[in-house]
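In this note's numbering, the protein residues as written are 35 to 225. Quick reminder that beta carbons are idealized off the backbone N, C-alpha and C, glycines included. Please read these numbers as outputs of a predicted model, since none were measured by experiment. One structure is given here, and the rest of the page talks about it.
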Amino acid sequence: IVDAHAITVPYEPAELRANIDGFARDLVACGLDTSKTTLFVQSDVREHTELAWYLASVTPYGELARMTQFKEKGEGQHFVSAGLFTYPVLMSADILLYKATVVPVGDDQVQHLELARETVRRFNHRFPGPNGKDIFVEPKPRLSPAPRIMGLDGLTKMSKSKNNTIAVFEDPKPFWDKLKKAYTDPQRLKL
35 IVDAHAITVP YEPAELRANI DGFARDLVAC GLDTSKTTLF VQSDVREHTE
85 LAWYLASVTP YGELARMTQF KEKGEGQHFV SAGLFTYPVL MSADILLYKA
135 TVVPVGDDQV QHLELARETV RRFNHRFPGP NGKDIFVEPK PRLSPAPRIM
185 GLDGLTKMSK SKNNTIAVFE DPKPFWDKLK KAYTDPQRLK L
């Protein structure tokens, strides 16, 4: 549960704690098999943020400034945190810490994964491991047949920050109110 990513935008601490607990319950309720899956909170593993610091030392400012998600989430905001700017470095640390070689991503995350791959190359070049072996392996993307899940408006990707989603265990009335307004047919958008 990636709580360190969640604090890159303004939040209420009590609400974040409740969301962490609720998300863990939701995952189990949706069928996550805890005998086959390790479920943990990102901030409980300090190596995530430690590795992000070391990766940041080989990640150019210019590449982070070009990240589409940073530009979109920061646009029009009166406060944009350095955490939002370095979000892709923490994402790289999340991947590289577990030596992932293939990462399932939506097409909107390919840019972040490519940054992780570039970071691996720079890190391995600057800090070669024992006997000149690479420390990290470049992770490859795996796109699903549905690389982007569109939101309720049918125009933009599904995003909690855009209030463009339906929660898994949302109360029935708000659920149906949102669903009634959702664009489920691309042809309907042309009307």
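For the alpha helix (DSSP H) containing residue i, name the first residue and the last one.
{"i": "Pro155", "result": "Here residue 155 is Arg; the residue named in the question, Pro, does not match the sequence. First-last of the alpha helix (DSSP H) with Arg155: 144-160."}
{"i": "His82", "result": "81-90"}
{"i": "Thr68", "result": "Segment: none, Thr68 is in no alpha helix (DSSP H) and carries neither H nor E."}
Among the residues of its own chain, which have a CB less than 6 angstroms from the CB of residue i, if the five just before and after it don't count?
{"i": "Gln103", "result": "none"}
{"i": "Leu89", "result": "Val123, Ser126, Ala127, Thr153"}
{"i": "Glu172", "result": "Arg151, Val154"}
Expressed to the nearest angstrom, what Euclidean distance is found between the alpha-carbon atoms of residue i and residue j?
{"i": "Arg51", "j": "Gly166", "result": "43 angstroms"}
{"i": "Thr72", "j": "Val62", "result": "11 angstroms"}
{"i": "Pro122", "j": "Ala150", "result": "8 angstroms"}
{"i": "Thr135", "j": "Pro179", "result": "20 angstroms"}
{"i": "Asp168", "j": "Pro175", "result": "20 angstroms"}
{"i": "Ile183", "j": "Lys191", "result": "6 angstroms"}
{"i": "Lys212", "j": "Glu46", "result": "25 angstroms"}
{"i": "Phe161", "j": "Asp78", "result": "27 angstroms"}
{"i": "Ile200", "j": "Tyr132", "result": "31 angstroms"}
List the whole-angstrom C-beta distance separating residue i from residue j, where the pair is believed to meet the contact cut-off of C-beta under 8 angstroms.
{"i": "His82", "j": "Asp128", "result": "6 angstroms"}
{"i": "Lys196", "j": "Gly188", "result": "That pair is no contact at about 13 angstroms."}
{"i": "Val139", "j": "Leu177", "result": "7 angstroms"}
In chain order, what residues of the same chain lie with their CB nearer than 8 angstroms to the CB of residue i, ignoring the 5 residues before and after it?
{"i": "Cys64", "result": "Val202"}
{"i": "Gln76", "result": "Ile35, Val36, Asp37, Ala38, His39, His82, Asp128"}
{"i": "Ile41", "result": "Leu50, Gly117"}
Which residues mark the beginning and the end of the beta strand (DSSP E) in which residue i is found?
{"i": "Val62", "result": "No beta strand (DSSP E) contains Val62, which is instead part of the alpha helix (DSSP H) from 47-63."}
So who's on the other strand from residue i, going by DSSP bridges?
{"i": "Pro138", "result": "Arg176"}
Consider the Cβ of residue i: report whether some Cβ of chain C lies at a distance smaller than 8 angstroms.
{"i": "Lys212", "result": "The structure shown contains no chain C, having only a single protein chain."}
Quick one: what's got a C-beta closer than 7 angstroms to residue i's C-beta in the same chain, skipping five residues either side?
{"i": "Gly108", "result": "Val114, Leu118"}
{"i": "Asn198", "result": "Gly185, Leu186, Asp187, Thr190, Met192"}
{"i": "Val92", "result": "Thr153, Arg156, Phe157, Arg160"}
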